[in-house]
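Have a look at the structure below, then the notes.
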Amino acid sequence: MKPFKVALIVGSLRKESFNKKIGRAIGQFKIAGMQFDDIEIGELPLYNEDLEKDVPVAWQNFREIINPYDAVLFITPEYNRSVPAVLKNALDVGSRPYGKSVWDGKPAAIISCTPGGLGAFGANHHLRQSLVFLNMPTLQQPEAYISHAAKLFDASGDLIDTSTYDFLTSFVEKFEKWIERNVQVKKS
């Protein structure tokens, strides 16, 4: 079986984002059954149904980019106990026009990451609610809440915390099995 193509979507715009660093670390994992590609969401115009009459090129391009992926890995910080607007906007843009969502049926997983102690728990669960509506079967276990992120990286932004590295490796391996299971269900 060819490697699963996984869209890696980070819900942070900050240049030195801990979430981007987690995504970069995962992108470097050597897991034969998975290929991760960073998907940029920061330049998407805000969703507005009025624009569906003359769809912005950026929306159309985003939808075409996401469509062929087998699965999506979301990595998100938490803003006010929810997901950042940039991530919610990407979900909305990809879900339209109604009935033609690029998310429909794609297996998903969520990693939430924060410099605080709660691991962006609120954002993780708020995102899960949206993914249920978007019909994205989402990995339930293990849950991934990365806390105290500032301590996990060196000055170059490389992940140096071995327990986090080991956890993320195991998480991604379980996500691969989740994708395989859900792709088989989708085909049957």
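Here this note's numbering is used: the first residue of the sequence shown is 8, the next is one more, and so on. Think of the CB as a built atom: it goes at the ideal place given N, C-alpha and C, for glycine as much as any other residue.
Sheet register partners of residue i (DSSP bridge)
i: residue 92; result: Looking at the DSSP assignment, residue 92 forms no beta bridge with any residue, so it has no partner.
i: residue 143; result: According to DSSP, residue 143 bridges with nothing at all.
i: residue 160; result: 166
i: residue 117; result: 81
i: residue 151; result: 118
i: residue 43; result: 13
Sequence-distant residues of the same chain with beta carbon closer than 8 Å to residue i, five excluded per side
i: residue 88; result: 129, 130 and 133
Proximity to residue i [Cα-Cα], best of the options
i: residue 13; options: 188, 191 and 183; result: 183
i: residue 52; options: 96, 180, 105 and 169; result: 96
i: residue 109; options: 118, 117, 98 and 116; result: 98
i: residue 203; options: 17, 180, 165 and 145; result: With the chain covering 8 to 195 only, the question about residue 203 has no answer from this structure.
i: residue 50; options: 100, 78 and 161; result: 100
i: residue 30; options: 190, 187 and 156; result: 156
i: residue 94; options: 105, 106, 107 and 80; result: 80
i: residue 163; options: 15, 28 and 72; result: 28
Three-state secondary structure assigned by DSSP to residue i
i: residue 177; result: helix
i: residue 134; result: helix
i: residue 15; result: strand
i: residue 86; result: strand
i: residue 74; result: coil
i: residue 67; result: helix
i: residue 101; result: helix
i: residue 32; result: helix
i: residue 38; result: coil
Sequence-distant residues of the same chain with beta carbon closer than 6 Å to residue i, five excluded per side
i: residue 41; result: 10, 11, 13 and 183
i: residue 63; result: 52
For the stretch 162-181 and the stretch 27-38, state whether three or more C-beta atom pairs, one from each stretch, are separated by less than 8 Å.
At 8 Å Cβ cutoff, the stretches touch.
Taking contact to mean 3 or more Cβ pairs, one atom from each stretch, closer than 8 Å, check whether the stretch 50-70 and the stretch 15-34 are in contact.
Counting C-beta pairs with one atom in each stretch, the stretch 50-70 and the stretch 15-34 have fewer than three that are closer than 8 Å, which means they do not touch.
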